[in-house]
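Single-structure report; data block below.
Protein chains: 4
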Amino acid sequence: MKAPVWKWFIEFTHPTQAHMHGVEEVIYSGKTKYQTVEILDTEFFGRCLILDGKIQSSAYDEYIYHETLIHPAMILHPEPKQIMIVGGGEGAVLREILRHPSVEQIIMVDIDREVVELCQEYLPQWSQGAFNDSKVQVLHMDARKYLEETDQVFDIIIMDLTEPVDDGPSYLLFTKEFFQTTIDRLAEDGVLALQSGNFNPRLIECHAAIYNTLQISYPIVRSYSAFIPSFDTQWAFTLAAKNLDPLQLTPEEVDKRLQARKLNDLLYYDGETHINMFSVPKDIRRAIAQETRIIADNRPLITY
Amino acid sequence: MKAPVWKWFIEFTHPTQAHMHGVEEVIYSGKTKYQTVEILDTEFFGRCLILDGKIQSSAYDEYIYHETLIHPAMILHPEPKQIMIVGGGEGAVLREILRHPSVEQIIMVDIDREVVELCQEYLPQWSQGAFNDSKVQVLHMDARKYLEETDQVFDIIIMDLTEPVDDGPSYLLFTKEFFQTTIDRLAEDGVLALQSGNFNPRLIECHAAIYNTLQISYPIVRSYSAFIPSFDTQWAFTLAAKNLDPLQLTPEEVDKRLQARKLNDLLYYDGETHINMFSVPKDIRRAIAQETRIIADNRPLITY
Amino acid sequence: MKAPVWKWFIEFTHPTQAHMHGVEEVIYSGKTKYQTVEILDTEFFGRCLILDGKIQSSAYDEYIYHETLIHPAMILHPEPKQIMIVGGGEGAVLREILRHPSVEQIIMVDIDREVVELCQEYLPQWSQGAFNDSKVQVLHMDARKYLEETDQVFDIIIMDLTEPVDDGPSYLLFTKEFFQTTIDRLAEDGVLALQSGNFNPRLIECHAAIYNTLQISYPIVRSYSAFIPSFDTQWAFTLAAKNLDPLQLTPEEVDKRLQARKLNDLLYYDGETHINMFSVPKDIRRAIAQETRIIADNRPLITY
Amino acid sequence: MKAPVWKWFIEFTHPTQAHMHGVEEVIYSGKTKYQTVEILDTEFFGRCLILDGKIQSSAYDEYIYHETLIHPAMILHPEPKQIMIVGGGEGAVLREILRHPSVEQIIMVDIDREVVELCQEYLPQWSQGAFNDSKVQVLHMDARKYLEETDQVFDIIIMDLTEPVDDGPSYLLFTKEFFQTTIDRLAEDGVLALQSGNFNPRLIECHAAIYNTLQISYPIVRSYSAFIPSFDTQWAFTLAAKNLDPLQLTPEEVDKRLQARKLNDLLYYDGETHINMFSVPKDIRRAIAQETRIIADNRPLITY
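Chains as they are written, first to last, in my numbering: chain A, 1269 to 1572; chain B, 1269 to 1572; chain C, 1269 to 1572; chain D, 1269 to 1572.
Okay, structure coming up:
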């Protein structure tokens, strides 16, 4: 008898807490200039992308993550045309944005060219050709520098970044200074959406600090969340806007807008899902309300 | 240097998926007539109860599980007086029910006397003295037999059972025959609430089958869920009723009823949490809708 | 289907090296004044004793460990009568010593009374009644203090101690000062034998340092070893003596002495095993020869 | 803080026994026509080759394995010239054989060309150029077919194969029929040496059966062993010969022969190591003596 699996990806979220994923095949394993990359085929979740030891998305459930990150912001905006993506290397963010018929231009800035190329080669299901769409322009540079120097104005900015670990490529993109730069580049109806940490109440500090920091620049800041099976946890997202508020959208209005954009075939997002996402359990609301930290360039957020 | 932890509780949910919990101290480990029992102190979640290798609740987050199981049904009913609990050995179900001032009598039937005694000894935080309340009567017998033979009528029946594994004590309490017995013992405004499996879309079959089976007997059946950190997953619950519908409760009405019962100090449940719980993501809704299995005494549900 | 095992004892020997033992039942788990104690039933090795997270012996292979620790010294001595044991809480050291007919008195000094009592209760296979033998006297005190203050002279001293971790009970019993105390209490033909660390060439420093330190006091010092399956490694022992040399014993002489003492029914030790034990592979010999560290009271040996 | 390691190679030797190796980098992971291949950099043992989930050798300790497999047979033979290797893909067997000055020709037959090429690319420390030596001829075909059809006669045959798992490439190379073929192709002073399973007494059946089967064809059969740290166990080898007996070699004679061949710079093997290797502990001797199974083509040996 052969043992069924001998390669394991073990993601420690704490010194005494870990999740074990049995690996069928290692598709790719290497280091880019910015981070380590593994692309693994697991029996349970199919192909997975791992950056710096943390699972980013899996074939089985990336639809949950990406629909949650993209559609609330896009549906909230009446007619999103100019879109900016910070990060988003897998290409699934592009894919979901391109489903909205009003989109005219997407500028994606992901510093790590190698990750983007690896994703196109090994994760084609994620981008489904989106990188070749003529509306899409991909830049490999520091997104912060790009936003500081451009004078373009966006309807939507999406931040799809890895966790802000201390020597990772993302930690200066979760600060009050960067958040101010994003609002400066948003149009009047502009919306920012970002993944923003664990929604587990025991690990909520990261999300709470991001939420709190966004409130300095944005009049409207809303936590929302989805359970991502391959993350083994409820995951946090944040939507921030100048004047549009996702809590004002009824499920019927969400469904109506999706219908109008011919998006009623989404797998995860619709009116009822919108209500689920944006209603926050009491314990989490309390923890967020008590948070006082402000993340700044000189005091970045470092997660485990 | 000593290694910080050498005892691990590893919960496999699938042959290639497992969660590792570092254990600080084994408080109790043994076997009752019906199941194995471990009571473990973990650094991350504090004290945990493990039955047949599956975590049942942890000191850190049992409030989420128990408030979710109890309060939606209790708040939905205008004046719950007669309550029946099937299982519920830890005593936290009792504790939460007793918070509702209208309660006059609680009959708890848990077949495993030893587990109930162990919980009173080692998990006093769970029951907080509830076993000594004069409204409470605890019976150690087969809950099915009890319900079949009693002629008492209940306002609320709570099922707080372990997973229906094949030689475990619970598998005949998740069948259409048993569910019919429960509705026969409910008053006109009666409500049944139960924990009902994993809400992970990859593992939804168990919940979907329970939901589908309940629909044979009950006019109103509603899935709801909560993320339980120590389970590493979104967990499913079901509320079934003769005529009351939790989807008719606005968050304002939930908060008003909680206020009237002086329950505004709950940690997890309130009006917004109610909305979150009962709104079901689209993928799960579809999976439940497609389920056709009926669980019966001669065709029980067996989970991994 | 139930998962077959969910409790694991994971012994880390290094931050990136660990051995996993599936546990069937936790027999005992607690803390004494000096160390943590677990007594576990494993499917593979049967009952195991774990002190401070390190496996001490298993039902399956304790015969290898204990025969290796005891019989080379006892057989080397022509007529061992007065025996001292430092540690040895399980009682299997007593059991093996008592097999030699010349033995008149055994003084066992183990500081941890609770461990000794737990072993009698839960590991009766180890001691097989030896604690009740009229030749045996057990003291619960600091063995160093005992040896410093007694004027008794011993033929054999056996050291069966846990690893010298920094806040464990043993680290002052592996120093040049203590080794000098042992030789002072040995008769002319006296022999000291001790377990002395891992024999894995990658982890040989501990053994090499003990060997080197013993050479200060003892004219004859010999490394020997045995593969202990439950330790997953070749384990080191050291024999030190005033004038007797185990390398002078031919296998025929060992077998003859065993025969004379009616010990030809041992499971592990005989003439050929003696040759195997005391012949040291070249890489280990070289590593030991290069060691220069001396362990002293003010510079104790601390292992991982 | 980043977790130090998140990739683990976990080698299960039994459903409740496993060893965890933290992996720093996956150098290669793929499948050949015959087996899965992983080449991993571990912190503890350096680069490792894994075939079908079992560690074959590590940079840190491959010298132990390969010196043990090669030199006893080569030294036992007074002047080995014609050498046959069955398997041996890493090239370290070649490297060690080429150190003996009398060698004129080495024919290595390893069915898996891809493994041989991967080893040359990723494990150059193993072969150290040996594949380019003009005395070496490498064939990629079924070694059994080769030996059955050739009329060449060899002084030494080395079998360096993976475990005989049921659908692996090796299971028909551990049968009485194949062993008879090897002795038919050996010269009068010919010697066969092979790795032959675990030497752990709890897992000795595989070795004992190989030993027992060899005795059908060979007048002289000797078990020997070495502790291989990266295998976490004592590993078995067998030497079989027509008339030469390694037990007749004194350590002095071994050292003299090594000296004559200018092999006194070996890391592991010398006269004392020879004695250590070929002396077998009593429990293992008894288990081997009691073995009655004969491995045959129609009744192959299948290990876990």
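Built from N, CA and C at the ideal position, the CB exists for glycine as well. Given the structure is predicted, the values throughout are model-derived calculations rather than measurements.
* Asked: Hey, would you say Lys1550/B sits closer than 7 Å to Asp1410/A, going by beta carbons?
  -> no
* To do: Grab me the residues of Leu1526/D's own chain with a C-beta within less than 6 Å of its C-beta, minus the 5 sequence neighbours each way, in chain order.
  => Within the same chain, Asn1532 come within 6 Å of Leu1526/D by CB-CB distance, once the 5 residues on both sides are set aside.
* Buried/exposed call for Thr1481/A, threshold 16 Cβ in 10 Å -> buried
* Assigned secondary structure, Val1371/D (DSSP; H/G/I helix, E/B strand, else coil) -> The answer is coil: DSSP assigns Val1371/D none of H, G, I, E or B.
* Local Cβ density within 10 Å of Arg1567/C, reported as buried at 16 or more and exposed below that -> exposed
* Asked: Is there at least one Cβ from chain G nearer than 7 Å to Trp1503/D's Cβ?
  -> The chain labelled as chain G is not found among the protein chains of the depicted structure, namely A, B, C and D.
* For Met1409/A, the first and last residue of its enclosing alpha helix (DSSP H) -> Looking at the DSSP string, Met1409/A is not in any alpha helix (DSSP H), and its letter there is neither H nor E.
* Asked: Whose Cβ in chain C lies nearer than 7 Å to the Cβ of Ile1278/B?
  -> By Cβ distance, chain C contributes Trp1274, Trp1276.
* To do: Would you mind sorting Lys1299/B into buried or exposed? The rule is 16 or more other CB atoms within 10 Å of its CB.
  => exposed
* **Cross-strand partners of Tyr1492/B (DSSP beta bridge)** => Phe1505/B
* Could you round the C-beta distance between Ile1351/D and Asp1457/D to whole angstroms and report it? I think they count as a contact, below 8 Å. => The pair is not a contact, with the Cβ atoms about 13 Å apart (cut-off 8 Å).
* Counting along the chain, where does the alpha helix (DSSP H) carrying Trp1394/C start and finish? -> DSSP places Trp1394/C inside the alpha helix (DSSP H), whose first and last residues are 1392 to 1395.
* **Enclosing beta strand (DSSP E) for Ala1461/C [first to last residue]** => Boundaries of the beta strand (DSSP E) around Ala1461/C: 1454 to 1466.
* Asked: When you compare only the Cα positions, how much space is there between Ile1295/A and Leu1317/A?
  -> 10 Å
* To do: State the Cα-Cα distance for the pair Pro1386/D and Ile1353/D, rounded to the nearest angstrom.
  => The amino acid occupying residue 1386/D in the given sequence is Leu; Pro does not appear at that position. Cα to Cα, the separation comes out at about 18 Å.
* Asked: Checking contacts by CB at 7 Å: is Ser1498/D closer than that to chain A?
  -> no
* **Straight-line Cα distance separating Ala1398/C from Pro1469/D** => Going by the C-alpha atoms only, they are around 27 Å apart.
* **Three-state class that DSSP yields for Leu1515/D in the structure shown** => Reduced to three states, the DSSP call for Leu1515/D is helix.
* To do: State the DSSP-derived secondary structure class of Ser1438/C, mapped to helix, strand or coil.
  => Ser1438/C: coil per DSSP, three-state reduction.
* Go through the segment 1293 to 1348 of chain D residue by residue and report every complete run of the beta strand (DSSP E) that reaches 3 residues or more, in order. => 1304 to 1310, 1314 to 1319, 1322 to 1326
* Asked: Would you report the Cα separation of Glu1473/C and Ile1472/D, rounded to the nearest angstrom?
  -> 30 Å
* Output the distance between the C-alpha atoms of Glu1451/D and Gln1373/C, rounded to the nearest integer angstrom. => A quick correction: the sequence has Ile, not Glu, at residue 1451/D. Each residue's Cα considered, the two are about 58 Å apart.
* To do: Could you check which residue in Ile1496/D, Lys1403/D, Asp1419/D, Leu1515/D has the C-alpha nearest to that of Lys1349/D?
  => Lys1403/D
* **Sequence-distant residues of its chain with Cβ nearer than 6 Å to Asp1513/D (five each side left out)** => Ile1488
* Asked: Under 7 Å between the Cβ atoms of Gly1314/B and Tyr1333/B?
  -> In this structure, Tyr1333/B does not lie closer than 7 Å to Gly1314/B by Cβ.
* **Cβ-Cβ separation, Pro1432/D to Phe1442/D (assumed contact under 8 Å), whole Å** => Their Cβ separation, rounded to whole angstroms, is 5 Å, which keeps Phe1442/D and Pro1432/D in contact under 8 Å.
* Asked: Near His1282/D, what residues of its chain come up, given a Cβ to Cβ distance below 6 Å and the 5 sequence neighbours on each side ignored?
  -> none
* What number of angstroms, rounded off, separates the C-alpha of Leu1534/D from the C-alpha of Glu1330/C? -> 34 Å
* Can you tell me the Cα-Cα spacing of Pro1497/D and Ile1278/D, whole angstroms? -> 15 Å
* What's the gap between the Cα of Val1273/A and the Cα of His1287/B? -> 16 Å
* **Opposing strand residues paired with Ile1278/D [DSSP bridges]** => Met1288/D
* Asked: Among the residues of its own chain, which have a CB less than 8 Å from the CB of Val1548/C, if the five just before and after it don't count?
  -> The answer, listed in chain order, is Ser1491, Tyr1492, Ser1493, Ile1556.
* Asked: With C-beta atoms as the reference, is Ile1484/D less than 7 Å away from Leu1460/D?
  -> no
* Chain-ordered chain B contacts of Glu1293/C [CB-CB under 9 Å] -> Ordered by position in chain B, the residues that pass the 9 Å Cβ test against Glu1293/C are Ser1297, Gly1298, Lys1299, Thr1304.
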